[in-house]
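In case it helps, numbering that gives the first Met the number 0 puts the first sequence at residues 0 to 263.
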Amino acid sequence: MRSIRPLVGRRIATAEFRNLRVLRGGNPDHMAARLAGRRIASVKRYGKFIVATLDDGAFLMIHLGMTGKLLLGGAPGKHTHAILTFDRGMLLYDDSRQFGCIEFHEEFPKRVARLGPEPLEVSYEDFAQAMSRRKTTVKALLLNQTFLRGVGNIYADEALFRAGIHPQALACHIKKDRVRKLYDAVRQVLSEAIEAGGSSISDYVDAEGRSGWFQFSHRVYGRTGEPCPVCGTPIRRVVVTQRSSHFCPVCQRRPGGLRNTRTS
DNA sequence: ATCGGTACCTGCACGC
DNA sequence: TGCGTGCAGGTACCGA
Numbered sequence: 000m001r002s003i004r005p006l007v008g009r010r011i012a013t014a015e016f017r018n019l020r021v022l023r024g025g026n027p028d029h030m031a032a033r034l035a036g037r038r039i040a041s042v043k044r045y046g047k048f049i050v051a052t053l054d055d056g057a058f059l060m061i062h063l064g065m066t067g068k069l070l071l072g073g074a075p076g077k078h079t080h081a082i083l084t085f086d087r088g089m090l091l092y093d094d095s096r097q098f099g100c101i102e103f104h105e106e107f108p109k110r111v112a113r114l115g116p117e118p119l120e121v122s123y124e125d126f127a128q129a130m131s132r133r134k135t136t137v138k139a140l141l142l143n144q145t146f147l148r149g150v151g152n153i154y155a156d157e158a159l160f161r162a163g164i165h166p167q168a169l170a171c172h173i174k175k176d177r178v179r180k181l182y183d184a185v186r187q188v189l190s191e192a193i194e195a196g197g198s199s200i201s202d203y204v205d206a207e208g209r210s211g212w213f214q215f216s217h218r219v220y221g222r223t224g225e226p227c228p229v230c231g232t233p234i235r236r237v238v239v240t241q242r243s244s245h246f247c248p249v250c251q252r253r254p255g256g257l258r259n260t261r262t263s
């Protein structure tokens with residue numbers, strides 16, 4: 000984000016789209032024609048979405064999925080799906096797994112409008128009330144972008160660890176003091192991660208090709224079998240709603256009445 | 001309305 | 001060296 004800010008105020012000379020899949024049904028010729036000559040009026044992050052507003056009021060929406068990258072300059076590669084050239088410089092959209100997308104919208108994109116609140120902006124009262132109404136596991140709820148925007152698998156695990164909550168605890172059963180801890184932990188983890196430039200698990204880089212540093216602060220994510228940094232108990236991995244969850248079985252006690260568990 | 005399961009796609013680490 | 005398997009950050013969509 001901080002690396003693509005410099006594009007604000009620049010004029011798009013040409014747009015080229017090489018992969019229809021990441022356009023999610025958008026017409027590449029129409030998009031290219033609509034983008035050419037437009038200036039980027041602003042760029043804003045909404046959870047995991049990036050929305051650029053154009054000078055004519057239209058929007059370019061980008062989601063990086065799991066492997067997406069926005070690169071300022073450099074040579075297009077095998078997985079470069081979009082190339083925007085500017086009056087000065089160039090932006091490449093690169094995504095090997097193609098789970099991300101780049102879309103053009105005349106109106107503010109509905110998917111973004113439907114997102115839940117920003118964790119750093121939501122009040123504790125709203126957060127706690129929303130939690131108390133959900134019967135799903137807290138892990139699934141944290142990953143649900145209509146509940147809270149921007150929390151992914153890594154940061155969900157890290158926040159649950161810091162709050163001392165088992166990933167399979169039911170959201171509505173979590174005690175008030177723990178909910179408060181979770182609220183604080185989510186905000187803390189996200190702001191630390193943003194500050195550190197993100198988590199580079201395999202090949203994540205920002206627009207200047209820099210990797211993040213937050214992976215060195217992961218206390219449980221990807222540390223199956225390693226000692227818990229608090230009590231030394233080996234970190235465990237379970238699958239919750241098809242996603243791996245890492246936790247300390249002592250610091251994050253299993254509540255009763257859980258759904259079936261697979262540990263490794 | 002809400003929930004869980006599945007599909008989408010490529011790359012990598014691993015064991016054989 | 002090469003092949004098969006399982007795993008990976010995310011969301012949309014389906015049926016229950």
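We put the CB at the ideal spot given by N, CA and C, even for glycine. The structure presented is a predicted model; accordingly, all values stated were derived computationally and were not measured.
Within 8 Å, strictly: CB atoms of residue i and residue j
i    : j    : result
L141 : A158 : yes
A184 : A162 : yes
E207 : L90  : no
V111 : Y45  : yes
Q144 : L114 : yes
K47  : V204 : no
Q214 : S199 : yes
P254 : H172 : yes
Helix, strand or coil at residue i [DSSP, three-state]
i    : result
F246 : strand
G256 : Since pLDDT at G256 reaches only 49, below the 50 mark, its modelled position is unreliable, and the value read off the structure follows with that caveat. Coil, per DSSP.
T262 : Unreliable placement is indicated for T262, whose pLDDT of 46 sits below 50; no coordinate value is reported for it.
F107 : coil
E314 : Any question about residue 314 goes unanswered here, given that the chain covers just 0 to 263.
Y220 : coil
H62  : strand
E225 : coil
F233 : Here residue 233 turns out to be Pro, not Phe, going by the sequence shown. The answer is strand: DSSP assigns P233 an E or B state.
V21  : helix
Cβ-Cβ separation, residue j to residue i (assumed contact under 8 Å), whole Å
i    : j    : result
Q251 : H165 : 5 Å
Enclosing beta strand (DSSP E) for residue i [first to last residue]
i    : result
D93  : M89 to D94
S210 : Taken as a continuous stretch (DSSP letters only), S210 belongs to no beta strand (DSSP E), as it is neither H nor E.
V137 : First-last for V137: V137 to L142, but that is the alpha helix (DSSP H), not the beta strand (DSSP E).
Range covered by the alpha helix (DSSP H) that runs through residue i
i    : result
S131 : Y123 to S131
E194 : K175 to A195
Checklist entry - Does the segment 62-78 come within contact of the segment 32-42, defined as at least 3 CB pairs closer than 8 Å? => result no
Checklist entry - Are the segment 59-66 and the segment 115-123 touching by the rule of at least three beta carbon pairs closer than 8 Å? => result no
Checklist entry - Does the segment 93-109 come close enough to the segment 16-26 that 3 or more CB-CB pairs lie under 8 Å? => result yes
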